[in-house]
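Here is the structure we will look at, set down as C-alpha coordinates.
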Amino acid sequence: MQEIIELIGTSDEIFVFGPAQMKFELKTLLEESKLLKNELLAVETVDKMTVNQVKAKVMDFFKK
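Just so you know, we're using this note's numbering here: the sequence shown kicks off at 1380 and counts up by one.
Structural data, given as C-alpha coordinates:
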(Lines of atoms letter the chains of each structure in order from A and count residues from 1; the text may use other names and numbers.)
(Lines give C-alpha, C1' and ligand atoms only; values in the text may rest on other atoms or scores of the structure.)
Protein backbone atom coordinates (compact mmCIF):
# COMPACT_ATOMS: atom_id res chain seq x y z
CA MET A 1 0.00 0.00 0.00
CA GLN A 2 2.90 2.39 0.72
CA GLU A 3 4.08 2.20 -2.90
CA ILE A 4 0.61 3.21 -4.07
CA ILE A 5 0.55 6.14 -1.65
CA GLU A 6 3.95 7.29 -2.89
CA LEU A 7 2.74 7.23 -6.51
CA ILE A 8 -0.57 8.92 -5.71
CA GLY A 9 1.11 11.51 -3.51
CA THR A 10 2.74 13.13 -6.55
CA SER A 11 -0.57 13.61 -8.37
CA ASP A 12 -2.19 17.02 -8.74
CA GLU A 13 -5.72 15.76 -8.12
CA ILE A 14 -6.99 12.44 -6.78
CA PHE A 15 -10.26 10.60 -7.47
CA VAL A 16 -10.64 7.20 -5.79
CA PHE A 17 -13.46 4.83 -6.67
CA GLY A 18 -14.25 1.14 -6.52
CA PRO A 19 -16.61 -1.54 -5.24
CA ALA A 20 -14.90 -2.50 -1.97
CA GLN A 21 -13.97 -0.92 1.38
CA MET A 22 -10.29 -0.61 0.43
CA LYS A 23 -10.93 2.81 -1.12
CA PHE A 24 -11.89 4.15 2.30
CA GLU A 25 -8.75 2.67 3.87
CA LEU A 26 -6.71 4.27 1.10
CA LYS A 27 -8.48 7.61 1.71
CA THR A 28 -7.56 7.45 5.40
CA LEU A 29 -3.94 6.58 4.63
CA LEU A 30 -3.69 9.38 2.07
CA GLU A 31 -5.11 11.91 4.52
CA GLU A 32 -2.61 10.80 7.17
CA SER A 33 0.34 10.72 4.77
CA LYS A 34 2.83 13.55 4.64
CA LEU A 35 3.46 12.58 1.00
CA LEU A 36 0.09 13.90 -0.17
CA LYS A 37 0.86 17.22 -1.80
CA ASN A 38 -2.53 17.99 -3.29
CA GLU A 39 -6.22 17.51 -2.89
CA LEU A 40 -8.19 14.27 -2.60
CA LEU A 41 -11.19 15.31 -4.70
CA ALA A 42 -13.59 12.42 -4.18
CA VAL A 43 -14.12 8.86 -3.01
CA GLU A 44 -17.04 7.00 -4.61
CA THR A 45 -18.53 3.54 -4.46
CA VAL A 46 -19.14 1.94 -7.84
CA ASP A 47 -19.97 -1.54 -9.05
CA LYS A 48 -17.61 -3.67 -11.08
CA MET A 49 -16.66 -1.80 -14.26
CA THR A 50 -15.07 -2.54 -17.60
CA VAL A 51 -11.90 -0.71 -18.65
CA ASN A 52 -13.95 1.51 -20.96
CA GLN A 53 -16.39 2.34 -18.15
CA VAL A 54 -13.48 3.28 -15.88
CA LYS A 55 -12.02 5.56 -18.57
CA ALA A 56 -15.40 7.21 -19.15
CA LYS A 57 -15.96 7.74 -15.40
CA VAL A 58 -12.57 9.40 -14.96
CA MET A 59 -13.03 11.58 -18.02
CA ASP A 60 -16.51 12.65 -16.89
CA PHE A 61 -15.31 13.38 -13.37
CA PHE A 62 -12.46 15.63 -14.44
CA LYS A 63 -14.57 17.51 -17.03
CA LYS A 64 -16.57 19.07 -14.17
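Note that the Cβ used here is the ideal one computed from N, Cα and C, for glycine as well.
The closest CA to that of Val1422, considering only Met1380, Thr1389, Val1437, Gln1381, is found on Val1437.
Closest option to Thr1424, judged by alpha-carbon separation, among Asn1431, Thr1407, Val1395: Val1395. Separation of Ile1387 and Lys1442 (C-alpha to C-alpha, rounded to the nearest whole angstrom) is 20 Å. For Val1422, the enclosing beta strand (DSSP E) starts and ends at 1418 to 1424. With 16 or more neighbouring CB atoms inside 10 Å of its own CB, Leu1405 falls in the buried class.
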